[in-house]
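Peer 1:
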Amino acid sequence: MSEFRLLHTMLRVLDLEKSLDFYTRLLGMKLLRRNDYEGGRFTLAFVGYGEESDTAVLELTHNWDQKEPYEIGTAYGHIALGVPDIYGTCEKLASEGVKIPRPPGPMKHGTTVIAFIEDPDGYKVELIERK
57 MSEFRLLHTM LRVLDLEKSL DFYTRLLGMK LLRRNDYEGG RFTLAFVGYG
107 EESDTAVLEL THNWDQKEPY EIGTAYGHIA LGVPDIYGTC EKLASEGVKI
157 PRPPGPMKHG TTVIAFIEDP DGYKVELIER K
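For my numbering, count along the sequence shown from 1 and bump the result up by 56.
#1: So does the segment 163-181 actually touch the segment 93-104, counting three or more Cβ pairs closer than 8 Å?
#2: Where do the ends of the beta strand (DSSP E) carrying Gly-129 lie?
#3: How many angstroms separate the CA atom of Gly-161 from the CA atom of Leu-82?
#4: Suppose the cutoff is 8 Å on Cβ atoms and the five residues either side in sequence are ignored; what does the same chain contact list for Ile-184 look like?
#5: Would the beta-carbon of Leu-114 fall within 8 Å of that of Thr-65?
#6: Taking only the alpha-carbon atoms, compute the straight-line gap between Asp-121 and Arg-97 and give it to the nearest angstrom.
#7: How about Asp-177 and Leu-76: are their beta carbons less than 8 Å apart?
#8: Look up Thr-111 in the DSSP assignment and say whether it is helix, strand or coil.
#9: Give the DSSP bridge partners of Asp-92, in chain order.
#10: In whole angstroms, give me the CA-to-CA distance for Asp-175 and Val-154.
#11: Please report the straight-line C-alpha distance between Met-163 and Leu-63, rounded to a whole angstrom.
#12: Let me confirm a value: Tyr-179 is counted as buried when at least 16 other C-beta atoms fall within 10 Å, else exposed. Which label applies?
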């Protein structure tokens with residue numbers, strides 16, 4: 057077994073408070089730690105479903121002087137989250153104004169039920185129903 061372990065994925069976010077609300081209140085993650093770096097004019101906030109010692113988490117990087125939305129680029133794919141009730145989850149997220157470019161339903165060429173939502177910066181998040 058490898059001694060390597062996935063620690064985190066970093067996303068640059070334009071509005072840290074809006075992103076924290078999305079990942080914590082709407083998707084149920086916990087804010088694990090948040091540090092302001094005055095000299096570098098940025099904040100790092102780590103969110104996840106478990107402690108960093110046990111699970112991979114998201115690092116949300118907010119550069120204080122960034123005024124324009126980031127370009128996500130063509131190489132970025134998505135973050136995937138397992139959810140127990142994808143239809144109920146999407147209904148709740150839609151009522152909160154979350155964009156759902158791919159509503160829940162079986163994936164093409166398979167039976168797994170998936171949906172795609174977007175975070176406040178437009179990053180795609182795949183929801184996969186896990187009963």
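Glycine included, each C-beta is placed from N, C-alpha and C at the ideal position. Keep in mind that this is a model prediction, so the values were computed, not measured.
Peer 2: Checking against the coordinates, here is how it stands:
#1: The answer is no - the segment 93-104 does not touch the segment 163-181, with fewer than three Cβ pairs under 8 Å.
#2: Against the sequence shown, residue 129 aligns to sequence position 73. It is not in any beta strand (DSSP E) - Gly-129 carries neither H nor E in the DSSP assignment.
#3: Residue mapping note: residue 161 aligns to position 105 of the sequence shown, counting from 1. Residue mapping note: residue 82 aligns to position 26 of the sequence shown, counting from 1. Rounded to whole angstroms, Gly-161 and Leu-82 show a C-alpha spacing of 20 Å.
#4: For this step, residue 184 is matched to residue 128 along the sequence shown. Same-chain partners within the cutoff: Ala-136, Leu-137, Gly-138, Val-139, Ile-142, Thr-168, Val-169 and Ile-170.
#5: Here residue 114 refers to the residue found at position 58 of the sequence shown. Here residue 65 refers to the residue found at position 9 of the sequence shown. Less than 8 Å separates the beta-carbon of Leu-114 from that of Thr-65.
#6: Translated into the one-based positions of the sequence shown, residue 121 becomes position 65. Translated into the one-based positions of the sequence shown, residue 97 becomes position 41. In a straight line, the C-alpha of Asp-121 is about 7 Å away from that of Arg-97.
#7: Locating residue 177 in the sequence shown gives position 121, counting from the first residue. Locating residue 76 in the sequence shown gives position 20, counting from the first residue. For Asp-177 and Leu-76, no; Cβs fall outside 8 Å.
#8: Translated into positions along the sequence shown, residue 111 becomes position 55. In the structure shown, Thr-111 sits in coil (DSSP, three-state: anything other than H, G, I, E or B).
#9: Translated into positions along the sequence shown, residue 92 becomes position 36. According to DSSP, Asp-92 bridges with Thr-99.
#10: Taking the sequence shown and counting its residues from 1, the one referred to as residue 175 is at position 119. Taking the sequence shown and counting its residues from 1, the one referred to as residue 154 is at position 98. Going from the Cα of Asp-175 to the Cα of Val-154 covers about 7 Å.
#11: Locating residue 163 in the sequence shown gives position 107, counting from the first residue. Locating residue 63 in the sequence shown gives position 7, counting from the first residue. Using only the alpha carbons, I get a separation of about 29 Å.
#12: Translated into positions along the sequence shown, residue 179 becomes position 123. So Tyr-179 counts as buried.
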